[in-house]
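The structure appears below as structure tokens.
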Amino acid sequence: MRRIAVLGSTGSIGRQALDVVRAHPDRFEVAALSASSNTGLLRSQIREFRPEYAALEDGAPEDLGETGAELLSGAGSSERLAELRVDTVLNGIVGFAGLATTVSALRSGNTVALANKESLVVAGEWVMGLAGEGRLVPVDSEHSAIFQCLLGRRGEEVSKLLLTASGGPFFDLSAEELRHAAPEDALKHPTWQMGRKVTIDSASMMNKGLEVIEAHHLFGVPYEDIKVVVHRQSVVHGGVTLADGSVILHAAAPDMRLPISYGLLYPERVDAGVGPVGFDGVTWTFAEPRDEVFRSLPLAVEAGRSGGAYPVALNAANEVAVEAFLDRRIQFPELATVTEEVLGRVPQFGVLESLEAVRSADRWAREEALAVVGRHEVHRGLVR
Ligand SMILES: NC(=O)c1ccc[n+]([C@@H]2O[C@H](COP(=O)([O-])OP(=O)(O)OC[C@H]3O[C@@H](n4cnc5c(N)ncnc54)[C@H](OP(=O)(O)O)[C@@H]3O)[C@@H](O)[C@H]2O)c1
Numbered sequence: 000m001r002r003i004a005v006l007g008s009t010g011s012i013g014r015q016a017l018d019v020v021r022a023h024p025d026r027f028e029v030a031a032l033s034a035s036s037n038t039g040l041l042r043s044q045i046r047e048f049r050p051e052y053a054a055l056e057d058g059a060p061e062d063l064g065e066t067g068a069e070l071l072s073g074a075g076s077s078e079r080l081a082e083l084r085v086d087t088v089l090n091g092i093v094g095f096a097g098l099a100t101t102v103s104a105l106r107s108g109n110t111v112a113l114a115n116k117e118s119l120v121v122a123g124e125w126v127m128g129l130a131g132e133g134r135l136v137p138v139d140s141e142h143s144a145i146f147q148c149l150l151g152r153r154g155e156e157v158s159k160l161l162l163t164a165s166g167g168p169f170f171d172l173s174a175e176e177l178r179h180a181a182p183e184d185a186l187k188h189p190t191w192q193m194g195r196k197v198t199i200d201s202a203s204m205m206n207k208g209l210e211v212i213e214a215h216h217l218f219g220v221p222y223e224d225i226k227v228v229v230h231r232q233s234v235v236h237g238g239v240t241l242a243d244g245s246v247i248l249h250a251a252a253p254d255m256r257l258p259i260s261y262g263l264l265y266p267e268r269v270d271a272g273v274g275p276v277g278f279d280g281v282t283w284t285f286a287e288p289r290d291e292v293f294r295s296l297p298l299a300v301e302a303g304r305s306g307g308a309y310p311v312a313l314n315a316a317n318e319v320a321v322e323a324f325l326d327r328r329i330q331f332p333e334l335a336t337v338t339e340e341v342l343g344r345v346p347q348f349g350v351l352e353s354l355e356a357v358r359s360a361d362r363w364a365r366e367e368a369l370a371v372v373g374r375h376e377v378h379r380g381l382v383r
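The opening residue of the sequence shown carries number 0 in numbering that gives the first Met the number 0; numbering runs sequentially from there.
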């Protein structure tokens, strides 16, 4: 029986984690659940899974009514739940907000099943230092794949990591066509059903850029040894090239319940209700990413290489730009432009090894990105 905390339980990752729990009630005890503001869904999850604690980051606790769970509310409440003594904290919170929860869980000695890639993007070295050996299990499908390919291998056997990208809904559009891409088009991902932010990041290839930074920290591999390929079928999730040139690939049906259940139960496996990969008459294709059109990927890799405040600024500017695109304030190609402009102005920040230090770089970049978004709107005559 694993005692788990599912934080961000009302999101895409959180809901699928609870599907896994529902399918294997004998394997899990849910100690805690948390959401930002979705009181309706959180209330029904509490009724079904009977956690001891629940947290509502940004909502009216009275809307939850009497649930039987001890309720924490307000900013920082998910972070506090991450301190509970559990076997695994699943961090399914979206964006920079997830960092504090990862740090709090690791500092409390908990193992983290990490979906919140932003934690490693903005504070990779620090977070890996807190995690030590074996207390961070990736849930991102590509990183879970690589993690599984690396099991039992010695460092000197490994020469490169392979990360696949679906290419999203726009993979073959021209730069001109991308100017007319609307939020509703970008939200139609061909293979994955995910939250809005990661779906837009997938369409722009920023998601893959964030994942390259995540892989660099998780597996301690230099940027030049991490290869991204576009694989439209989303069946091969990642791989490892060995010193003799052979490659170990990981394939699985594109369903997040697999990496989530593996992250929650590692090193054990259960049937996540997904079914095996089919081999009859299937075609797998691999292509180079189009960096000249989807500029967010090379921008992210460059920010990762620069380190320090650069990946923090990249992530913050991207979060602001994604919101602005969803609000139709900027066009799709401006997702990369806003980020690039902010990266071009990053001042000196000291060592980013405290939440306050990372937060101050994040705040700076958000303000800068909002100003850039405003200038783009003025430039296009959207506002006077
Ligand atoms: N979805 C996928 O298939 C997928 C795959 C790989 C990796 N990931 C990564 O997993 C993370 C979660 O993605 P998602 O798609 O599940 O996102 P999502 O559907 O938007 O869900 C986000 C969850 O976080 C909660 N939340 C939002 N802001 C918060 C805050 N400030 N403090 C505490 N909780 C907060 C939300 O609560 P409310 O519902 O109340 O707003 C919700 O429960 C992201 O880092 C993403 O990149 C996702």
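Idealized CB from N, CA, C, for every residue including glycine.
In whole angstroms, what is the alpha-carbon distance linking Y222 and L161? 11 Å
From R152, I3, E65, L40, residue whose alpha carbon lies closest to that of E28: I3
Short of 8 Å in beta carbon distance, which residues of its chain neighbour L354, apart from the five on each side in sequence? Order them along the chain. L98, A99, V102
With 16 other CB atoms within 10 Å as the buried threshold, where does S36 fall? exposed
If you draw a straight line from the alpha carbon of D200 to that of D25, how long is it in whole angstroms? 36 Å
Reference R1, options F169, V372, L263, closest by Cα: L263
Distance, D254 Cα to W283 Cα: Annotation: W283 to D254 spans about 17 Å, alpha carbon to alpha carbon.
Enumerate in chain order the residues of its own chain whose CB-to-CB distance from R383 is below 7 Å, with the five nearest sequence positions on each side excluded. Bear in mind that a pLDDT of 46 at R383, under 50, signals an unreliable position, so the number given afterwards is only what the model happens to contain. Hits under 7 Å: none found.
Taking just the CA atoms, how far does L369 sit from A242? Distance between the alpha carbons of A242 and L369: 46 Å.
Would you report the Cα separation of V85 and A30, rounded to the nearest angstrom? 7 Å
Would the beta-carbon of G91 fall within 8 Å of that of I145? no
Whose C-beta lies closer than 7 Å to the C-beta of L80 among residues of the same chain, with five residues either side of it excluded? A4, L6, A31, S33, Y52, A54, L71
G349 classed as buried or exposed, judged by whether at least 16 other C-beta atoms fall within 10 angstroms: exposed
Does ligand 1 have a heavy atom nearer than 7 Å to the CB of A202? no
Give me, in chain order, the residues of the same chain whose beta-carbon lies closer than 8 Å to that of S107; leave out the 5 immediate sequence neighbours on both sides. When the five nearest sequence neighbours on each side are left out, the beta carbons in the same chain lying within less than 8 Å of the beta carbon of S107 are those of A81, E82, L83, R84, in order along the chain.
Using 8 Å as the Cβ pair cut-off and three pairs as the minimum, do the stretch 159 to 176 and the stretch 232 to 241 touch? yes
Let me know the secondary structure DSSP gives V300 once reduced to three states. Looking at V300 - three-state DSSP - the assignment turns out to be helix.
With a threshold of 7 Å (Cβ to nearest heavy atom), would K116 be considered close to ligand 2? In the structure on display, ligand 2 does not appear, and the ligands it does have are ligand 1.
What residues in its chain sit with their C-beta under 8 Å from that of D224, if we drop five residues either side in the sequence? So the qualifying residues of the chain are S158, K159, L160.
Just how far apart, CA to CA, sit E156 and N317? Per the coordinates, the alpha-carbon of E156 lies some 36 Å from the alpha-carbon of N317.
Cross-strand partners of G238 (DSSP beta bridge): L161, L248
Mapping DSSP to helix, strand and coil, what is P310? P310: helix per DSSP, three-state reduction.
Residues bridged to S33 (per DSSP): L6, A54
Output the boundary residues of the beta strand (DSSP E) element that contains K226. 225 to 229
The stretch 61 to 71 contacting the stretch 284 to 299, beta-carbon criterion three pairs below 8 Å: Output reads no: the stretch 284 to 299 does not touch the stretch 61 to 71.
For L172, which of helix, strand or coil comes out of DSSP? coil
At a cut-off of 7 Å, is S305 close to ligand 1 when judged by its beta-carbon and the heavy atoms of the ligand? S305: no, Cβ never under 7 Å from ligand 1.
Given this structure, state the Cα-to-Cα distance separating V337 from E47, to the nearest angstrom. For V337 and E47, the distance between alpha carbons rounds to 43 Å.
Classify L257 as buried or exposed, calling it buried when 16 or more other Cβ atoms lie within 10 Å of its own Cβ. buried
Is it the case that the Cβ atoms of H23 and G123 are separated by a distance below 8 Å? No, the Cβ-Cβ distance between H23 and G123 is not below 8 Å.
Tell me whether S72, by its Cβ, gets closer than 7 Å to a heavy atom of ligand 1. Result no, Cβ not under 7 Å from ligand 1.
Using C-beta distances below 6 Å, list every residue in its chain close to E352, excluding the 5 sequence neighbours before and after it, in chain order. W125
Expressed to the nearest angstrom, what Euclidean distance is found between the alpha-carbon atoms of T38 and P60? About 8 Å.
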